[in-house]
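Engineer:
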Amino acid sequence: MYTSPSELDDHRAQVSTGWISRYGLMYFGQNIAWSTPSQLLIANQILIWHPGNKEQLLGWLMGVGGITSMAGSLIVGVLSDRTHSRFGRRAPWVLGGAIAAAAALLGAAFAPGYAFLFAIWAFFQLVLAFSITSAQTIPPDRVPTQQYGTISGVMGVTYTIAVVAGSVVGAMLSIKIAYLITAAVLMCGVLPFLLVDRDQPSTKIVERKAHGPLLPKWSEATDFWWVFITRLLVTMAQAIALFYLLYYLRDRIGMKTDAANQGVMILSIIYAVCVIITAVWSGRSSDRSGRRKIYVGLSSAGVAIAALILVFAQEFSFVIVAAIVLGMSWGVYQAIDQALINQILPSEEDRAKDMGLMNLAVAIPNAAAPFIAAQVLAQGLGYAGLYIIAAGLTLTGAVLIVKVKGVR
Numbered sequence: 003m004y005t006s007p008s009e010l011d012d013h014r015a016q017v018s019t020g021w022i023s024r025y026g027l028m029y030f031g032q033n034i035a036w037s038t039p040s041q042l043l044i045a046n047q048i049l050i051w052h053p054g055n056k057e058q059l060l061g062w063l064m065g066v067g068g069i070t071s072m073a074g075s076l077i078v079g080v081l082s083d084r085t086h087s088r089f090g091r092r093a094p095w096v097l098g099g100a101i102a103a104a105a106a107l108l109g110a111a112f113a114p115g116y117a118f119l120f121a122i123w124a125f126f127q128l129v130l131a132f133s134i135t136s137a138q139t140i141p142p143d144r145v146p147t148q149q150y151g152t153i154s155g156v157m158g159v160t161y162t163i164a165v166v167a168g169s170v171v172g173a174m175l176s177i178k179i180a181y182l183i184t185a186a187v188l189m190c191g192v193l194p195f196l197l198v199d200r201d202q203p204s205t206k207i208v209e210r211k212a213h214g215p216l217l218p219k220w221s222e223a224t225d226f227w228w229v230f231i232t233r234l235l236v237t238m239a240q241a242i243a244l245f246y247l248l249y250y251l252r253d254r255i256g257m258k259t260d261a262a263n264q265g266v267m268i269l270s271i272i273y274a275v276c277v278i279i280t281a282v283w284s285g286r287s288s289d290r291s292g293r294r295k296i297y298v299g300l301s302s303a304g305v306a307i308a309a310l311i312l313v314f315a316q317e318f319s320f321v322i323v324a325a326i327v328l329g330m331s332w333g334v335y336q337a338i339d340q341a342l343i344n345q346i347l348p349s350e351e352d353r354a355k356d357m358g359l360m361n362l363a364v365a366i367p368n369a370a371a372p373f374i375a376a377q378v379l380a381q382g383l384g385y386a387g388l389y390i391i392a393a394g395l396t397l398t399g400a401v402l403i404v405k406v407k408g409v410r
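Residue numbers (the working numbering): 3 to 410.
1) Less than 9 Å between the C-beta atoms of A261 and L43, yes or no?
2) Is the distance from the Cβ of A106 to the Cβ of F126 below 9 Å?
3) Do T237 and F30 come within 9 Å of each other at the CB atom, strictly closer than that value?
4) Look at the alpha carbon of G304 and the alpha carbon of G54, and state the distance between them as a whole number of angstroms.
5) So, helix, strand or coil for T139, using DSSP?
6) Going by other Cβ atoms of all chains shown within 10 Å of its Cβ, with 16 needed for buried, is L342 buried or exposed?
7) Note down, in chain order, each residue of its chain lying with its Cβ closer than 6 Å to the Cβ of V401, except the 5 sequence neighbours on either side.
8) How close, in whole Å, do the beta carbons of L188 and A35 come, if the pair is a contact with beta carbons under 8 Å?
9) Determine the extent of the alpha helix (DSSP H) in which E57 is found, giving its start and end residues.
10) CA-CA distance, L130 and I122?
11) Can you list the alpha helix (DSSP H) stretches of 4 or more residues lying completely in the stretch 135-182, in chain order?
12) With burial defined as no fewer than 16 other Cβ atoms inside 10 Å of the residue's Cβ, what is the status of M174: buried or exposed?
13) Tell me, to the nearest whole angstrom, how far the beta carbon of V429 is from that of Q340; I am working on the premise that it is less than 8 Å.
14) What are the boundary residues of the alpha helix (DSSP H) that includes M357?
15) If we count the other Cβ atoms within 10 Å of its Cβ and call it buried at 16 or more, is T85 buried or exposed?
16) What are the complete alpha helix (DSSP H) segments, minimum 4 residues, inside the stretch 231-263?
17) Using only the alpha-carbon positions, how far apart do Q381 and Y389 sit?
18) Would you kindly work out how many angstroms separate the C-alpha atoms of A164 and L310, rounded to a whole number?
19) When the distance is taken between beta carbons, is V266 closer than 9 Å to S331?
20) Which of helix, strand or coil does DSSP assign to V321?
21) If you compare alpha carbons, which of Q58, W227, N344, A223 is closest to G155?
22) Would you mind working out which of A370, Y250, I183, G99 sits nearest F320, comparing C-alpha positions?
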């Protein structure tokens, strides 16, 4: 049974600042878990083992990891909605997925070669998706609509800080130590929220509405699918543009490996500061105005501008300018994207399942972008061709957001 977004959750009391802070800490821990390995650690491991075909091997590893992440989001979405436990529907999956992901990080730290790392990363992406998808469903479960922008802004900020922290940890520490610290941060981030902000038990639920089909019907969930398409395009552009950043700095800008590693860290910090500034402001501003689409459209256009700057960049200073534009734009996008998603989820009884489907709009690009980027480079289009494609995708997403009718 489907419920219009405007009918969902308006009766809920506002959550406290402490609740929001602990949720942000949990989201930080979950995102640093993948950002540290995927930005530098895995790329450097492959560079040590197979320097001659590093791009292809990295692309295959990340691509398959994206596929298992998609599977994890879908599986946990269906199971979480149907979970009956004294800890609620979400907490068992958040915790179980985090424990398994931390164990996988420990395995990756001591990987003897590419094949082992390939397998452990695929498993890691599967179980981390269990944890993240379940955690992302908590706000639409327990937060009122008028706080969606604030929560989404906090998610955008903590996500970005996690990305920066991941690059710093990866650049400053040895590969093994970086993996171990990342696993510890994941668990320390997840536990406070689960211990303090416990959900209502789901063992005593007597009457619940029927679950809907696996895929919401287009006619009944048009806004859901337009947001899905827009998110898919913008995320694909982001993934294509940033996937080979380390190699871009080496091969296009001409930086040596150590300098390129430091360059990734510098760019990440600049990017993060810009994201934090715009995410905090835009999330609250969106809540006050009740508008979402204008923020998503303009920020998507900003991502395209950043990609076009990288097309013509010849020096590191131009890449810094692109990082500033991208950070400011992505901060707005991150702050509003999740709020928009929370507001257009079509089924109250299938929130985790629908959130898992919506997460495919992130997982599909993460799976496909490595293959697309590798093929673009293999065909001789170079990094200029890569970033032109990225700009075109995100501009298309910016235009299509106007198709969403149920949200201003």
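Note that the Cβ used here is the ideal one computed from N, Cα and C, for glycine as well.
Structural biologist: So, to answer that:
1) For this step, residue 261 is matched to residue 259 along the sequence shown. For this step, residue 43 is matched to residue 41 along the sequence shown. Note that the C-beta distance between A261 and L43 is not below 9 Å.
2) The residue given as residue 106 occupies position 104 in the sequence shown. The residue given as residue 126 occupies position 124 in the sequence shown. Result yes, Cβ atoms of A106 and F126 sit closer than 9 Å.
3) Residue mapping note: residue 30 aligns to position 28 of the sequence shown, counting from 1. Residue mapping note: residue 237 aligns to position 235 of the sequence shown, counting from 1. Cβ atoms of F30 and T237: not closer than 9 Å.
4) Here residue 304 refers to the residue found at position 302 of the sequence shown. Here residue 54 refers to the residue found at position 52 of the sequence shown. G54 has its alpha-carbon roughly 35 Å from the corresponding atom of G304.
5) Indexing the sequence shown from 1 puts residue 139 at position 137. Residue state for T139 is assigned as coil, using DSSP reduced to three classes.
6) As a working mapping, residue 342 is identified with position 340 in the sequence shown. Under this definition L342 is a buried residue.
7) Here residue 401 is taken as the residue at index 399 of the sequence shown, counted from 1. Result list for V401: empty, nothing under 6 Å.
8) For the purposes of this step, residue 188 is taken as the residue at position 186 of the sequence shown. For the purposes of this step, residue 35 is taken as the residue at position 33 of the sequence shown. Yes, L188 and A35 are in contact; Cβ-Cβ is about 4 Å, under 8 Å.
9) Start at 1 with the first residue of the sequence shown, and residue 57 comes out as number 55. It spans 56-83 - the alpha helix (DSSP H) in which E57 sits, taken as one unbroken run.
10) Counting from one through the sequence shown, the residue named residue 130 turns up at place 128. Counting from one through the sequence shown, the residue named residue 122 turns up at place 120. Take the alpha-carbon of L130 and the one of I122: they are about 12 Å apart.
11) Annotation: the stretch 135-182 contains the following complete segments of the alpha helix (DSSP H) (minimum length 4 residues), in chain order: 140-144, 150-174.
12) Position 172 of the sequence shown holds residue 174. M174 is exposed by the Cβ-count criterion.
13) Residue 429 lies beyond the range of the chain shown here (3 to 410); nothing can be said about it.
14) The residue given as residue 357 occupies position 355 in the sequence shown. Run containing M357: 353-380, per the alpha helix (DSSP H) assignment.
15) As a first step, residue 85 is located in the sequence shown; it is residue number 83 there, counting from the start. Classification of T85: buried, given that the 10 Å Cβ count is 16 or more.
16) As far as the stretch 231-263 is concerned, its whole alpha helix (DSSP H) runs of at least 4 residues are 247-253.
17) Locating residue 381 in the sequence shown gives position 379, counting from the first residue. Locating residue 389 in the sequence shown gives position 387, counting from the first residue. Between Q381 and Y389, the C-alpha separation is close to 14 Å.
18) Locating residue 164 in the sequence shown gives position 162, where the first residue counts as 1. Locating residue 310 in the sequence shown gives position 308, where the first residue counts as 1. In a straight line, the C-alpha of A164 is about 26 Å away from that of L310.
19) Your numbering for residue 331 matches position 329 in the sequence shown. Your numbering for residue 266 matches position 264 in the sequence shown. Remark: C-beta atoms of S331 and V266 do not approach each other more closely than 9 Å.
20) Working through the sequence shown from its first residue, we reach residue 321 at position 319. When secondary structure is reduced to three states using DSSP, V321 falls in the helix class.
21) Here the question's residue 155 lines up with position 153 in the sequence shown. Of the candidates Q58, W227, N344, A223, the one whose C-alpha sits nearest the C-alpha of G155 is N344.
22) If you number the sequence shown from 1, residue 320 lands on position 318. Of A370, Y250, I183, G99, the residue nearest in Cα terms is Y250.
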